[in-house]
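Number of protein chains: 2
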Amino acid sequence: MTEPKIDSRRLWDGHMAMAEIGPSPGGGTARLALTDFDREARHLFRRWAEEAGCAVRVDGIGNIFARREGEDPGHPPVMTGSHLDTQPLGGPFDGIYGVLAGLEVVRALNDAGIATRLPIEVVDWTDEEGARFGAGCLGSNVFAGRRALDNTLALTDAHGNTVRGELERIGYAGPKPVGGFPIDCFFEIHIEQGPILENEGIQVGAVEGAQASTGYWVTVTGEEGHAGTLPMALRRDAMHGSARMIDAVVNVAMDFDPHPVITVGHLRVRPNSRNTIPGQVTFSIDSRHPDNDILASAGAAMRAACETIAEDRGLELEIEQTSHRDSVVFDPGCVQTIRDAAAARGISCRDIYSGAGHDAINLSHVCPAGMIFVPCEKGVSHNEAENAKPEDLAAGAEVLLHAILARAGRA
Amino acid sequence: MTEPKIDSRRLWDGHMAMAEIGPSPGGGTARLALTDFDREARHLFRRWAEEAGCAVRVDGIGNIFARREGEDPGHPPVMTGSHLDTQPLGGPFDGIYGVLAGLEVVRALNDAGIATRLPIEVVDWTDEEGARFGAGCLGSNVFAGRRALDNTLALTDAHGNTVRGELERIGYAGPKPVGGFPIDCFFEIHIEQGPILENEGIQVGAVEGAQASTGYWVTVTGEEGHAGTLPMALRRDAMHGSARMIDAVVNVAMDFDPHPVITVGHLRVRPNSRNTIPGQVTFSIDSRHPDNDILASAGAAMRAACETIAEDRGLELEIEQTSHRDSVVFDPGCVQTIRDAAAARGISCRDIYSGAGHDAINLSHVCPAGMIFVPCEKGVSHNEAENAKPEDLAAGAEVLLHAILARAGRA
């Protein structure tokens with residue numbers, strides 16, 4: 004029996020070619036969803052998939068499915084994939100690895116002349132990062148029925164462009180419907196985006212589940228005034244109050260064990276002029292923890308801290324919860340398949356928990372799903388310095404290949 | 004002898020007409036320097052000045068001089084004026100009042116058929132607010148020889164447009180040189196932009212001097228990372244550190260008596276994405292105090308506070324001083340002329356200190372200068388809600404008229 008083999012060089016070169024599409028100033032990748040760069044990356048993936056013999060289709064939210072037919076075309080496919088969009092200052096691996104590793108599995112099966120019983124589909128999910136239209140995982144959310152299609156198509160970016168308009172503009176508004184067909188299972192492979200695997204010298208993580216996550220917008224309203232004339236005692240300075248709130252909100256993480264992760268990543272000041280006391284500040288809070296109840300308690304503590312400061316400073320406060328995802332436990336069968344594939348290939352593996360949101364979390368609501376992590380340099384991600392080792396990417400793809408083969412079956 | 008009389012209604016209507024040029028969303032004025040709106044306001048002022056019989060000229064930095072000739076054309080003029088540009092979210096009085104009150108003085112003299120011995124010039128100084136090109140009082144600074152013309156013309160806005168290019172675009176790049184001719188004296192009338200006159204029920208302030216002022220840019224550099232995966236203990240969160248610094252910097256004001264005023268008005272976050280730990284934050288500090296030495300001490304305290312926090316949080320820190328103005332004492336003769344004019348008209352007057360920067364401060368370095376303040380509602384300025392009473396504006400203009408007459412002399 005021929006043994007399929009991951010081509011480490013081909014996998015790495017694919018990442019480097021993709022990274023040339025939307026290079027960022029500091030040597031990373033800046034490829035926001037549904038931009039011209041995203042179009043170019045999608046075109047390249049489609050071309051590679053077609054060259055590998057796949058049939059490519061696009062759905063109504065722009066998700067791209069590259070299908071390697073199975074001996075039994077009527078059977079639900081084994082699906083794998085991730086996303087080609089990046090953060091405003093991102094790297095070449097976050098998401099891209101999951102798409103290109105899926106493609107490498109198809110190529111490796113082709114090279115070894117192996118047919119499978121079940122079809123295999125490699126997917127590029129639309130706008131996982133959520134850096135442009137104010138919400139993330141758009142493609143997989145709609146696919147899994149967790150967001151309405153029309154509502155998602157109507158989301159706008161900072162310039163008023165809609166998802167619908169941008170999909171049409173770049174030529175990736177496929178025919179409806181989105182989702183609604185059976186899937187055998189979904190595997191997503193991804194860089195860890197944290198330091199655990201690298202610190203422990205382990206090549207693969209079998210992801211047991213993902214953290215709960217809650218997002219907020221906080222709006223602090225005071226009163227604008229002249230920076231040179233309004234005495235300190237009479238000020239209602241929205242920036243000063245917000246600074247205290249941000250410090251307090253981040254510090255809430257230290258009150259729980261294990262710590263949740265709490266991030267204030269986005270902030271807008273109005274009018275944002277150096278000689279005017281800010282009248283309004285809006286900032287985001289991103290909070291995550293494996294335990295739903297602890298996360299809710301942290302949310303209440305953050306809210307209370309902001310309210311105390313607002314009252315003390317005479318500021319108006321509005322806190323809007325903009326997103327929430329309960330913690331997710333992946334399908335134990337899928338997780339075991341991953342552990343077994345690693346063990347069979349002699350690749351070091353440990354169980355791990357995901358801190359980030361991923362498309363696989365949405366898929367876990369409509370089919371058995373699992374994730375594979377590989378180390379990335381210093382755990383750095385969402386950063387232009389994001390990096391990973393070719394041999395770790397290849398080892399992870401090897402595990403993905405054998406997990407997929409275990410589910411799809413040799414014909 | 005005919006008595007000249009300020010036309011309160013005409014003065015008020017002029018403000019309302021100007022306020023229609025560049026209306027802001029919240030009912031104020033948004034007329035940044037050298038925009039299409041600024042051009043329109045300049046055109047209107049020029050037309051009104053010419054209708055009042057003035058000869059209008061423009062200099063190389065776009066300052067507009069409307070001259071009412073004197074019996075002795077060779078004598079240095081009595082000058083008055085302020086600026087027509089506004090903050091991004093400003094009101095209809097800050098600066099505009101100083102230009103329109105000067106014009107009203109000319110009209111009142113015309114109506115009463117009064118010639119003066121000295122010429123009178125009403126000036127619109129270019130870009131006082133400094134909200135677009137990163138520095139303020141451009142026109143009066145260059146006029147007084149306190150900024151180089153070429154360097155000022157080369158300043159750029161956030162879109163890379165230069166002062167030179169924008170002056171040419173709106174048709175207000177006059178012939179060089181700028182300044183360099185003798186001036187008898189300069190009076191500027193302005194809303195107080197603080198609460199003192201209103202609180203005390205006094206109609207006019209004779210401004211004795213202006214506070215010292217120092218501006219800084221603070222850049223805090225940490226490391227970007229994924230909001231969901233990087234443990235709190237491993238973060239170098241530039242936003243969290245900056246929040247602590249902003250709180251500490253503003254609190255420094257409380258350590259000195261009387262308090263300096265300290266404002267963090269402008270802030271930029273990089274990459275400003277809600278699910279990325281900020282890698283860099285840049286913020287402005289505006290600090291002012293009547294005493295140069297106390298302001299320097301406050302500057303040192305702010306720097307020390309930021310350094311302590313940066314060290315504690317493992318962040319890199321850069322503090323750049325971007326502007327400094329020593330405190331200014333206005334010409335005692337000009338101040339006395341203002342006090343006398345108010346007393347002669349039975350208008351309540353008190354001595355006052357300016358918290359804000361004004362074009363008159365620059366002029367005080369090249370000629371005797373003084374300022375007149377009038378109350379504004381709740382002391383609010385640099386705010387769309389900025390407001391003033393027609394009768395206060397008229398009373399101030401009355402004092403300006405008689406101060407100018409005292410210097411220019413009846414022919």
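Line by line, the protein sequences give chains A and B. Residues 4 to 414 (the working numbering) are what the first sequence spells out, left to right. Residues 4 to 414 (the working numbering) are what the second sequence spells out, left to right. Backbone N, C-alpha and C fix where the C-beta goes; we use that ideal spot for every residue, glycine too.
Quick one: measure Cβ to Cβ for residue i and residue j, integer angstroms, because I've assumed they're closer than 8 Å.
| i | j | result |
| --- | --- | --- |
| R120/B | A347/B | Contact doesn't hold; Cβ gap of about 19 Å is too wide. |
| G65/A | A176/A | 7 Å |
| G228/A | H385/B | 6 Å |
| W483/A | T129/A | The structure shown does not extend to residue 483/A, since chain A spans only 4 to 414, so no value can be given for it. |
| A301/B | V255/B | 6 Å |
| I67/A | F48/A | 7 Å |
In chain C, what lies closer than 8 Å to residue i by C-beta?
| i | result |
| --- | --- |
| D289/A | Any reference to chain C falls outside this structure, whose protein chains are A and B. |
If we define contact as Cβ-Cβ less than 9 Å, is residue i a contact residue for chain B?
| i | result |
| --- | --- |
| D294/A | no |
| G98/A | no |
| T266/A | yes |
| S416/A | The first residue shown for chain A is 4 and the last is 414, placing residue 416/A beyond what the model contains. |
| A363/A | no |
| H368/A | no |
| D343/A | no |
| V223/A | no |
| A52/A | no |
| E227/A | yes |
| G282/A | yes |
| V59/A | no |
Residue i CB to nearest chain A CB: under 9 Å?
| i | result |
| --- | --- |
| G56/B | no |
| N164/B | no |
| A357/B | Checking the sequence, you will find Ser at residue 357/B rather than Ala. For S357/B, the answer is yes, since a Cβ of chain A falls inside 9 Å of its Cβ. |
| N386/B | yes |
| Q206/B | no |
| P6/B | It is Glu, not Pro, that sits at residue 6/B in the sequence shown. So no, E6/B is outside the interface. |
| V383/B | yes |
| A414/B | no |
| M82/B | no |
| L298/B | no |
| L396/B | no |
| L14/B | no |
| A391/B | no |
| V332/B | no |
Under a three-way DSSP split, which group does residue i fall into?
| i | result |
| --- | --- |
| V253/B | helix |
| T159/B | strand |
| Q196/B | coil |
| I123/B | strand |
| A372/B | strand |
| P91/A | coil |
| Y175/B | coil |
| W220/B | strand |
| S11/A | helix |
| L270/A | strand |
What does residue i reach in chain B if we use C-beta pairs closer than 8 Å?
| i | result |
| --- | --- |
| D160/A | What D160/A touches in chain B: nothing, since even the nearest Cβ is about 13 Å away. |
| A256/A | M235 |
Taking 9 Å as the threshold (C-beta atoms), are residue j and residue i in contact?
| i | j | result |
| --- | --- | --- |
| A215/A | N295/A | yes |
| V252/B | I288/B | yes |
| E373/B | E191/B | According to the sequence displayed, residue 373/B carries Gly and not Glu. In contact: G373/B and E191/B (Cβ atoms closer than 9 Å). |
| P180/A | L152/A | yes |
| V207/B | V81/B | no |
| A246/A | I364/B | no |
| L158/B | G137/B | yes |
| L87/A | A44/A | yes |
| D114/B | D16/B | no |
| R415/B | L92/A | With chain B running from 4 to 414 in the structure shown, residue 415/B is simply not present. |
| P371/B | C188/B | yes |
Residue i touches chain A at which residues, Cβ-Cβ below 8 Å?
| i | result |
| --- | --- |
| I322/B | Correct list: empty, because the minimum Cβ distance to chain A is about 14 Å. |
| H193/B | Within chain A, no residue comes near H193/B; the closest Cβ sits about 10 Å away, beyond 8 Å. |
Going along chain B in order, which residues have a C-beta closer than 9 Å to the C-beta of residue i?
| i | result |
| --- | --- |
| D260/A | What D260/A touches in chain B: nothing, since even the nearest Cβ is about 11 Å away. |
Listing by chain order, which chain B residues have their CB less than 7 Å from the CB of residue i?
| i | result |
| --- | --- |
| A246/A | A246, I249, D250 |
| Q90/A | P274, S276, T279 |
In chain A, what lies closer than 7 Å to residue i by C-beta?
| i | result |
| --- | --- |
| L237/B | P198 |
| G105/B | The premise fails here: G105/B is roughly 22 Å from chain A at the closest Cβ pair, so nothing lies under 7 Å. |
Given the structure, does residue i come close to the ligand NAD, in the sense that its CB is under 8 Å from one of the ligand's heavy atoms?
| i | result |
| --- | --- |
| D240/B | Absence of the ligand NAD from the depicted structure is noted, as is the absence of any ligand whatsoever, leaving it without description. |
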